[in-house]
Amino acid sequence: MRVRTVLSRRLVAVTSAAVLLAACGTGGSDATGGETEQAAEGAQPDAVGDGELSTVRVSLLPTVTKAPMYLGMEKGFFAEEGLNVEENVVQSGAAVTAAVMSGEAHFASSALVPTVTAADKGLDVRVVMTAASATPPDAPTDAYGDSVIIVAEDSDIQSIADLNGTTIAVNALQAGLELAVRGTVDRLGGDSDTIEFLPVPFPEMVTALNDGHVDAIAPLEPFVSSATAAGHRVLHHAFPYDPDETGEFVNSVYFTSGVYADENPEIVAAFRRAIERSNAYAEEHPDEVRSMIPIYTGISEEVAAKIALPSYPSVMDLDAYRAEIELMAYYGFISGPVDEARFYLD
Numbered sequence: 002m003r004v005r006t007v008l009s010r011r012l013v014a015v016t017s018a019a020v021l022l023a024a025c026g027t028g029g030s031d032a033t034g035g036e037t038e039q040a041a042e043g044a045q046p047d048a049v050g051d052g053e054l055s056t057v058r059v060s061l062l063p064t065v066t067k068a069p070m071y072l073g074m075e076k077g078f079f080a081e082e083g084l085n086v087e088e089n090v091v092q093s094g095a096a097v098t099a100a101v102m103s104g105e106a107h108f109a110s111s112a113l114v115p116t117v118t119a120a121d122k123g124l125d126v127r128v129v130m131t132a133a134s135a136t137p138p139d140a141p142t143d144a145y146g147d148s149v150i151i152v153a154e155d156s157d158i159q160s161i162a163d164l165n166g167t168t169i170a171v172n173a174l175q176a177g178l179e180l181a182v183r184g185t186v187d188r189l190g191g192d193s194d195t196i197e198f199l200p201v202p203f204p205e206m207v208t209a210l211n212d213g214h215v216d217a218i219a220p221l222e223p224f225v226s227s228a229t230a231a232g233h234r235v236l237h238h239a240f241p242y243d244p245d246e247t248g249e250f251v252n253s254v255y256f257t258s259g260v261y262a263d264e265n266p267e268i269v270a271a272f273r274r275a276i277e278r279s280n281a282y283a284e285e286h287p288d289e290v291r292s293m294i295p296i297y298t299g300i301s302e303e304v305a306a307k308i309a310l311p312s313y314p315s316v317m318d319l320d321a322y323r324a325e326i327e328l329m330a331y332y333g334f335i336s337g338p339v340d341e342a343r344f345y346l347d
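Quick look at the structure:
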């Protein structure tokens, strides 16, 4: 299995700490720069269909949302589309976007919220495909692959409304987790305007809760499992919509630059087909997803076997994208809706 050998060699230095900083790509730093010029520099792959594999570089954070892509590489889905994928592993959301905009990478994967923020700031980013999403679990306190709100076991907080006036730890301000928590609180009778959101790195959240620096935390896996193993209590999953109206919260996406999309439409289409196929396979084979995660993340096999996985959609739900972007605008994360004709690739 060539992919496993390559990943082990390339990512031998990747540790759990690297994943913890990224943790499913919901950080808010993907679009901190002010650049609007799209660079077309960097080696361009040959066109699909010439008999040779076209090499594409994908900039990413090594998180569980990328497992289907690595599975697809192993299963040959990308090769069957004429593509050879080279991963460009980085350790910050800002670096992910910068790699695509500079031409260092052809594609990237990041959380939807910072990707939308980049577009709102004038960067010509084009969403190719959904990487991972969250769907509401059957029970309010079930952990799942996006986030949950966790309180100390002996906390007086027993309901969402009890969060009014509290301090909640999120990994970054005006990022995906703050959006999910705000929407959940307001949907279920609380008032998110009364909450102080405090940026705390994922590895430090449990300590912050233990020490009383925050009243609640909003972690992602593997930190949900770590927090509950430490005896803390899941108050409620963080899903900002009425499940009967919108059943998907888009976690992360694959995207490219406008320049690259315009100049390489066949390669972009091939990449999207390979991701769609990889996601569909991952949905049907969760055990293989779990076995792949330790290879490129540094997460142990024991932890990977227990963590809650996100959903890996094989079809883009544009209504879910619109709902999330509308929520971002409502809470002031962005100035308004994106130009859908440019932001989404056909």
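Adding 1 to a residue's 1-based position in the sequence shown gives its number in my numbering.
Even glycine gets a Cβ: it sits at the ideal position worked out from N, Cα and C.
Alpha carbon to alpha carbon, how far is residue 328 from residue 285?
-> 31 Å
Ends of the alpha helix (DSSP H) at residue 118?
-> 113-121
Which parts of the stretch 199-276 are runs of the beta strand (DSSP E), unbroken and 3 residues or longer, counting only runs that do not cross its ends?
-> 234-238, 250-258
Could you tell me which of 182, 227, 181 sits nearest to residue 203, measuring between CA atoms?
-> 227
Nearest CA to the CA of residue 314: which residue from 251, 188, 182?
-> 251
Residue interval of the beta strand (DSSP E) (run including residue 294) = First-last for residue 294: 287-298, but that is the alpha helix (DSSP H), not the beta strand (DSSP E).
Buried or exposed for residue 223, please, with buried defined as at least 16 other CB atoms from any protein chain shown within 10 angstroms of its CB.
-> buried
Among 153, 197, 80, 241, which residue has its Cα nearest to the Cα of residue 181?
-> 241
Which residues bound the beta strand (DSSP E) around residue 84?
-> 84-90
Kindly indicate which three-state DSSP category residue 197 falls into: helix, strand or coil?
-> strand
Any idea what DSSP makes of residue 317, helix, strand or coil?
-> coil
Cα separation between residue 187 and residue 300?
-> 34 Å
Please confirm whether residue 98 and residue 254 have their CB atoms less than 8 Å apart.
-> no
Can you tell me which of the three DSSP states residue 150 falls into?
-> strand
In terms of residues, what are the limits of the beta strand (DSSP E) holding residue 103?
-> Looking at the DSSP string, residue 103 is not in any beta strand (DSSP E); the run it does join, the alpha helix (DSSP H), is 94-103.
Hey, residue 59 and residue 109: beta-carbon distance below 8 Å or not?
-> yes
Close beta carbons around residue 336, own chain, < 7 Å, minus the five adjacent residues each side = 121
According to the neighbour-count rule (16 or more other Cβ atoms, all chains shown, within 10 Å of its Cβ), is residue 123 buried or exposed?
-> exposed
Should residue 279 and residue 77 be called a contact, given that it needs their Cβ atoms to be closer than 8 Å?
-> no
N-terminal and C-terminal residue of the beta strand (DSSP E) that residue 339 is part of = Residue 339 -> no beta strand (DSSP E), and no H or E assigned at all.
Contacting residues, own chain, Cβ-Cβ under 6 Å from residue 218 (five flanking each side not counted) | 151, 170, 206, 210
Straight-line gap, residue 118 to residue 325 (C-alpha atoms, nearest Å) = 12 Å
Classification of residue 261 by the beta-carbon crowding that lies within 10 angstroms, buried from 16 upward | buried
For the candidate residues 319, 185, 215, whose alpha-carbon lies nearest to that of residue 197?
-> 215
For the beta strand (DSSP E) containing residue 171, list its first residue and its last residue.
-> 168-171
Is it true that the CB of residue 269 sits closer than 8 Å to the CB of residue 101?
-> no
Measure the alpha-carbon distance for residue 39 versus residue 259 and round it to whole angstroms.
-> Bear in mind that a pLDDT of 36 at residue 39, under 50, signals an unreliable position, so the number given afterwards is only what the model happens to contain. About 7 Å.
Which of helix, strand or coil DSSP assigns to residue 301 = coil
If you draw a straight line from the C-alpha of residue 318 to the C-alpha of residue 191, how long is it?
-> 28 Å
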